[in-house]
Every structure is written in structure tokens, then in C-alpha cells.
Amino acid sequence: MDNEKDILEVRNLQVNFKTYAGDVKAIRNVSFDLRKGETLAIVGESGSGKSVTTRTIMGLNARNADITSGTIMYKGEDLLKKTEKEMEGIRGQDIAEIFQDPMTSLDPTMKIGRQIAEPLMVHKGMKKEKALAQALEMMKLVGITDAENRINDYPHQFSGGMRQRIVIAIALINYPEILIADEPTTALDVTIQAQILNLMKELQDKISTSIIFITHDLGVVAGMADRVAVMYAGKIVEYGTVDEIFYNPKHPYTWGLLSSMPTLDTGGDELPSIPGTPPDLLDPPTGDAFAARNAYALKIDTEQEPPFFKVSDTHYAATWLLHPDAPKVTPPDQIVARQKKYAEMQKDLVKQQRPSIPVEEEEEQQ
Amino acid sequence: MAKYLAKRIFYLILTLFIVITVTFFLMKLLPGTPLTNQAKLSKSQIHLIYEQYGLNKPVWQQYLLYLAGAVKGDFGTSFQFSDQPVSYLISSRIGPSLQIGLQAMIIGVILGVIIGAFGAMKQNTWADTTTTVVSILGISIPSFVLAVLLQYYLGLKAGWFPIAEWGGFIYTVLPTLALGAQPLAESARFVRTEMVDVLSSDYIELAKAKGLNRTGVIYHHALRNSLIPLITIVGPLAVNIMTGSMVVENIFSIPGIGEQFVKSVLTNDYPTIMGLTIVYSFMLCVVLLITDILYGIVDPRIRLTGKAN
Numbered sequence: 001m002d003n004e005k006d007i008l009e010v011r012n013l014q015v016n017f018k019t020y021a022g023d024v025k026a027i028r029n030v031s032f033d034l035r036k037g038e039t040l041a042i043v044g045e046s047g048s049g050k051s052v053t054t055r056t057i058m059g060l061n062a063r064n065a066d067i068t069s070g071t072i073m074y075k076g077e078d079l080l081k082k083t084e085k086e087m088e089g090i091r092g093q094d095i096a097e098i099f100q101d102p103m104t105s106l107d108p109t110m111k112i113g114r115q116i117a118e119p120l121m122v123h124k125g126m127k128k129e130k131a132l133a134q135a136l137e138m139m140k141l142v143g144i145t146d147a148e149n150r151i152n153d154y155p156h157q158f159s160g161g162m163r164q165r166i167v168i169a170i171a172l173i174n175y176p177e178i179l180i181a182d183e184p185t186t187a188l189d190v191t192i193q194a195q196i197l198n199l200m201k202e203l204q205d206k207i208s209t210s211i212i213f214i215t216h217d218l219g220v221v222a223g224m225a226d227r228v229a230v231m232y233a234g235k236i237v238e239y240g241t242v243d244e245i246f247y248n249p250k251h252p253y254t255w256g257l258l259s260s261m262p263t264l265d266t267g268g269d270e271l272p273s274i275p276g277t278p279p280d281l282l283d284p285p286t287g288d289a290f291a292a293r294n295a296y297a298l299k300i301d302t303e304q305e306p307p308f309f310k311v312s313d314t315h316y317a318a319t320w321l322l323h324p325d326a327p328k329v330t331p332p333d334q335i336v337a338r339q340k341k342y343a344e345m346q347k348d349l350v351k352q353q354r355p356s357i358p359v360e361e362e363e364e365q366q
Numbered sequence: 001m002a003k004y005l006a007k008r009i010f011y012l013i014l015t016l017f018i019v020i021t022v023t024f025f026l027m028k029l030l031p032g033t034p035l036t037n038q039a040k041l042s043k044s045q046i047h048l049i050y051e052q053y054g055l056n057k058p059v060w061q062q063y064l065l066y067l068a069g070a071v072k073g074d075f076g077t078s079f080q081f082s083d084q085p086v087s088y089l090i091s092s093r094i095g096p097s098l099q100i101g102l103q104a105m106i107i108g109v110i111l112g113v114i115i116g117a118f119g120a121m122k123q124n125t126w127a128d129t130t131t132t133v134v135s136i137l138g139i140s141i142p143s144f145v146l147a148v149l150l151q152y153y154l155g156l157k158a159g160w161f162p163i164a165e166w167g168g169f170i171y172t173v174l175p176t177l178a179l180g181a182q183p184l185a186e187s188a189r190f191v192r193t194e195m196v197d198v199l200s201s202d203y204i205e206l207a208k209a210k211g212l213n214r215t216g217v218i219y220h221h222a223l224r225n226s227l228i229p230l231i232t233i234v235g236p237l238a239v240n241i242m243t244g245s246m247v248v249e250n251i252f253s254i255p256g257i258g259e260q261f262v263k264s265v266l267t268n269d270y271p272t273i274m275g276l277t278i279v280y281s282f283m284l285c286v287v288l289l290i291t292d293i294l295y296g297i298v299d300p301r302i303r304l305t306g307k308a309n
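Protein chains in written order, with UniProt numbering: chain B, 1 to 366; chain H, 1 to 309.
The following block contains the structure:
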């Protein structure tokens, strides 16, 4: 899977948190790649390990975090082997992060111009005046109106959406190679969400950065991402291109996520939800962690962890349902409809490459 | 800003008026009379002295007379030291008190901030535990106990500092330490709590994500945000020092207003008690006013004049 186009390669990452009750296995063997210029979305419910993954990349985990194995390769070097000082040089320069809540992620007592200029002063050794001039340009770029007059304002003088623009300006001021966006729109209302997402896409084109987009909102994913990784209980359970995940999902957990997302076709009936709660990661269950909540669980799910089965060159899912010997199951109606739509899309494309393992559901075999 | 200041000064005067009134009547409830050896004076002598000081008039008249004088800046003459106006008594004695009080406040708060910030940065280590123990000790040991201990160990046993009396900087060291322990402990505890809070906030996380090193994060972001709330406890700390000074000045025989205050209460020296009470209340009000104005200057969120609207 080593690819020149990959800018970041995460391999077999395992992170535990030491607590009085024992080790919480927050990340259990996660691997993924981030390609140059793409947006990779990591989706999953709260506590699935999305944020811990990105914190580990940034080297900003809580003190009780213990990275037990894995590598994070960036430009041929393992970030996990870097010293704190080397990581300081990378953070805000090569890899930047946008946080979830713009109301709390800006320093309340520092002028925003200075806050935006700070990464320039830290990494480029720039003088304050010069850095502020660049900060002003960045403020204009992220769409802060009347930037000249507002550069000396404090965070409390801005609205939530404007503050998130400032946070984005801070992250992008050094034109980072990788931008990690940890639920950047969760704390904003829907109209502002759309503005911020558009802005991020627009800026991604302008400064050609790769984005890791953390979210639990599949609606946001559809418009933003090129590829999607679905996380559950500290593992990636399925990953593929955005079309593959949305229209041809293979993992029952992805089915559950997609079914519980309202669409224009959703009728007046109750919105489906995934029953139960995620497992306790202090003591993860043997086999598939999702088995207990999975209506399609097989016996083997409670005994052995499923490996990744290949669906296409870009699409993999960790579910025993894809094993050649597995019984054929029919996914929920909504997923069947999605798969039908996908099949039609595929038919339209000339000479589409066929998946190599013949375990697809009937809908796909035309 | 000017409007705000005018309002605050009006409140200051109102506060002083209330303090004067309450103190005046409470003072009259004190047992005894200003005349020390009453038995040795004849009735007519007592009557004469009462007449001289206006003490034979009804209390409400005395009160009004006092108010009328106070407005003009006349606080009367001390009973204890005849011919000494109270204003002179206070002005000649306020120097040592101010010096010790300010020294205790400044040294206490600065050391407290350093210790507290250190504890927060080394959270849950032996260093943190040590700072917590130090601040608990500082808060729970009364200044007069500390004063006596300092006198005994550093003054008598080690002989480094004079035990008592007044006469130059070296004489101020022990009283300053005794008075400064409380502000030190209070501000250490306060700063530690604030800093622990600030260090776990999102903007500190963002500062780290910018690539700032530990020193940069602490210096540029954590310190300012955890020190601003410290201003709020400066008022209470000033009260602490003022009350502490009354005892500590007596222990070290410092010719300050604290020592004088205790003496005046013991001898029912009404004009001096009133005068000192007004001075203490005035100092406290000014400290509170300054801290409020300072708060607005250092914290942009509550700046009084702003272009927020």
C-alpha cells in the first residue's frame, strides 16, 4: 500500500489510556493513509477513537496515553519517534488542527491578529509587524469582513461562525501539508456550518492541503470527503471512497449509521437507530466489537475478530459477512435502495474495474 | 469611564458614611469611659472633662457634631495624648504600617504566584503536594503565631533580625514575613486552581497545536489568563493584612496605626478609634476601587469602554 502519493501513513496504531480501573484500549490497531490533496473523513459515534487518532498524530495526547504500537509515517519519518521539540516544529507548520468549539478555542485575552500571527512568529521567526500583515491577508482570505479594523479585536467581539473562521486562519497561516479538522462544524448552527464547509473546500484548493476530517455527521461527509473511514470501538471497520461508503456499504455498522441519517426520502416513520451502546473499551469483547448490537451477527463474530475483506481496490470492510462461506443476508431496505442506485451508477461508467473477491451481494452482480 | 468613576466615588463616600455611623454607635456601647482612673477624680472634675469634650451631650448630638467636624476634615483631639489632633496622630504613624503592609502584600502575592504556577505546571507531583502543604499551612497558621515563632527562631535563636522595635529596613523583615504568609498562601492556592483550569482549556490546546513550546504556552497564554482573576482576591487580602497588622504591630512594637488602634480601643479614646476606622475603611475602599479599574484594564472582556457595541 506504500504509495508516493501518500503524505501520511498510519500503521497498526494502538493507544491505551491508563486509568485507575485499568487500561482503556481507545485505539485498537488502526491503519490508514492520507493522500496528497485529498479529504479523508473519519466517522463514528462518540468514543470511537476519532479524536484520539488525530491527537496521536499531533502528539497532543493526554499524559496518561500510552502508544503501545504502530507507526505514523510523514515524509519518510515516524512521528511517534520524534522528540517533543521536533514535534513542536511540525505542529502548526506541517500539520495544523482546527478544533471543535470556536467559543473556547481562542485565547480570550489576546487580540485575534496576534493569535493568527503567532504560528508565523513561532515557526518562521517573523517579526510581529510582518506577521500581523500576513495575518491580515489571511483574515481576508477566510472572509472576515472589515479585517483592517477587526485585527485588534478580542475573541468575545466575534460571533461563533466568525471565530471558527479565525481558528481556520490560525491553522492555515503556515500553509500546512495536513489539516486536521476535528468536528469543525459541530458547535455551529446549520447555515453557518455550510459556510464554513464551503470555505474549507475553497481554501483546500487554494493552498492544496490534505484534510483529515473528523465528524459524526454523515451529511457533512458526503459533501466534503473524497474517502471515508468508519470507526467503531477504536477500530476502523470499513473504508472506501465516499461513493462506495454511501452507496455500497458492506459493514452492518455502516448500514446502521446510514439508516439512522434522515434523507429527503425519509418518511414519517420513526428514524431507525442502532440499538445498544458501544462496548466498554476497558475490556473489549472478543470477536467483533459490534456483534452485540448487530442484527446480522454470525456466530463467528463473537469468537474471532473479522479481518478486512476487499470489496474493491479502494474499498475494504471488516465483517465476516464478506467471507465466501458466510450466509447471504439482505441489508436494511434503505441500504438496498442505495446499493441499487450505486449499481446503476456503475453501469453507466464504462469498463468499471470489478472487485476481485466474489463475495458481493446480489444487487451488485449484474 | 468618568461617569463610572464618579459613581464609584459616590459609593465610596456613602460606604464611609455608613461605617462612621455604625462605628460611632457601637463605640458608645463599649463599657467604661475614656477617663482611666475614674476613682481618683471628683465628680466636678469628671463633669468638667466631659464638658470639655462634649461627652455630656446626648449621643445623637455628639454624633451630629462629629459628622459636622469630619466633613470639614476635623477628627477631633485624642483623649489619650492630650493636645494631639487625631489627624496628626494618624499621619505620623501611618508610614510604618503602610510600609509593612505593602511589603507583605507585594512579596506575598509575587511568591504566591510563582509557587502556585509551579504547582499547577507540576500537577500531581511531589512539587505540587509541597505547594499545597505550604499554602494550607500559610492559611491555617494565624499571623500572630507565626510572628512569635519568627521572633523566637530567626530573632532570638539565630539572631539574624531584631526581635522588635522600629528603625530601618532590617526591622521590617520579620513583621513582613509574618503578615505576608497569608497573602502568599492564599494567592498560591488561588493561582494553582486557576492555572490547572486554564491549562486544560481548549485555547491552550490550540496554542500547543500552533507549535508553541511549553514556555511559550505558559508565558503567552496560561499566565495572563490565570492571573487576571487573582485581582479579585487582592481586596480580601488587603483586609487580611490590615486586621493582621493590628496584632503583628503590637507583637513587634511597631509604631504604626494598627498598634495605636488597639491601644485606643482599650482606653476608649473615641476620636482616635473613629479616625482610624475611617482611615482603614478608606484604604479598603480605595483598594477595591483600584482592583475594579485594574480588572477592566487587563481583561478585555469587561473593559468599561469598548467598541463592542
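We put the beta carbon where it would ideally sit given N, CA and C, even for glycine.
Residue i (DSSP reduced to helix, strand or coil)
i: Asn213/H; result: coil
i: Ser253/H; result: coil
i: Gln14/B; result: strand
i: Met73/B; result: strand
i: Asp348/B; result: helix
i: Asn29/B; result: strand
i: Asp66/B; result: strand
i: Ala131/B; result: helix
i: Phe173/B; result: Going by the sequence as given, residue 173/B is Ile instead of Phe. It is coil, neither helix nor strand.
i: Leu136/B; result: helix
i: Glu194/H; result: helix
i: Ser105/B; result: coil
i: Lys263/H; result: helix
i: Leu65/H; result: helix
i: Ile114/H; result: helix
i: Thr23/H; result: helix
For residue i, the residue or residues it bridges with in DSSP
i: Glu97/B; result: Ile180/B
i: Gly22/B; result: Thr19/B
i: Val43/B; result: Thr215/B and Val230/B
i: Glu86/B; result: Looking at the DSSP assignment, Glu86/B forms no beta bridge with any residue, so it has no partner.
i: Pro85/H; result: Thr77/H
i: Leu8/B; result: Leu34/B and Tyr74/B
i: Ser210/B; result: Ile178/B
i: Arg224/H; result: Arg224/H pairs with nothing; no bridge assigned.
i: Arg91/B; result: Ile95/B
Cβ pair residue i, residue j closer than 8 Å
i: Leu227/H; j: Val113/H; result: yes
i: Ala178/H; j: Ser143/H; result: yes
i: Pro176/B; j: Asp94/B; result: yes
i: Gln100/B; j: Glu183/B; result: yes
i: Ile166/B; j: Ile116/B; result: yes
i: Phe75/H; j: Val59/H; result: no
i: Ile196/B; j: Leu188/B; result: yes
i: Trp166/H; j: Pro255/H; result: yes
i: Val242/B; j: Val221/B; result: yes
i: Glu45/B; j: Pro278/B; result: yes
i: Ser78/H; j: Pro271/H; result: yes
i: Ala188/H; j: Met105/H; result: no
i: Ile20/H; j: Ala70/H; result: yes
i: Thr54/B; j: Glu97/B; result: yes
i: Val43/B; j: Thr215/B; result: yes
i: Asn174/B; j: Leu120/B; result: yes
i: Pro175/H; j: Ile107/H; result: no
Closer than 7 Å: residue i CB and nearest the ligand COA heavy atom
i: Met110/B; result: Summarising the ligand content, the structure contains no ligands, and the ligand COA is consequently not present.
### Task
Let me know the beta strand (DSSP E) ranges lying completely inside the segment 219-250 of chain B, each 3 residues or longer, listed in chain order.
With a minimum length of 3 residues, the continuous beta strand (DSSP E) runs that stay inside the segment 219-250 of chain B are 227-232 and 235-241.
### Task
Pair every Cβ in the segment 191-201 of chain H with every Cβ in the segment 235-248 of chain H, then say whether three or more of these pairs are closer than 8 Å.
Contact between the segment 191-201 of chain H and the segment 235-248 of chain H is absent: fewer than 3 CB-CB pairs across the two stretches fall below 8 Å.
### Segment contact flag, the segment 249-259 of chain H with the segment 76-95 of chain H, C-beta cutoff 8 Å, min 3 pairs
Contact between the segment 249-259 of chain H and the segment 76-95 of chain H is present, because at least three Cβ pairs lie under 8 Å.
### Task
Scan the segment 263-343 of chain B and note each continuous beta strand (DSSP E) run of 3 residues or more that stays entirely inside, going in chain order.
Taken in chain order, the whole beta strand (DSSP E) runs of length 3 or more contained in the segment 263-343 of chain B are 309-312 and 315-317.
### Query
Counting Cβ pairs closer than 8 Å, one from the segment 204-221 of chain H and one from the segment 271-279 of chain H, do we hit at least three?
By the criterion of at least three beta-carbon pairs nearer than 8 Å, the segment 204-221 of chain H is not in contact with the segment 271-279 of chain H.
### Task
Flag this pair as touching only if the segment 84-93 of chain B and the segment 242-258 of chain B have three or more C-beta atom pairs under 8 Å; answer yes or no.
Look at the beta carbons and you see the segment 84-93 of chain B not touching the segment 242-258 of chain B: under three pairs across the two are nearer than 8 Å.
### Query
Are the segment 241-248 of chain B and the segment 335-351 of chain B touching, with three or more C-beta to C-beta distances below 8 Å?
The segment 241-248 of chain B, when compared against the segment 335-351 of chain B, does touch it at the 8 Å Cβ threshold.
### Message
If contact is defined by three or more beta carbon pairs under 8 Å, each pair taking one atom from either stretch, is the segment 300-317 of chain B in contact with the segment 35-46 of chain B?
### Response
Under the 8 Å Cβ criterion, the segment 35-46 of chain B does not count as touching the segment 300-317 of chain B, having fewer than three qualifying pairs.
### Message
Is it the case that the segment 151-162 of chain B contacts the segment 110-130 of chain B, given that we only count it when at least three CB pairs across the two stretches are under 8 Å?
### Response
Contact between the segment 110-130 of chain B and the segment 151-162 of chain B is present, with at least three C-beta pairs closer than 8 Å.
### Message
Taking 8 Å as the cut-off, does the segment 59-68 of chain B touch the segment 177-195 of chain H (at least 3 CB pairs, one atom from each stretch)?
### Response
The segment 177-195 of chain H, when compared against the segment 59-68 of chain B, does not touch it at the 8 Å Cβ threshold.
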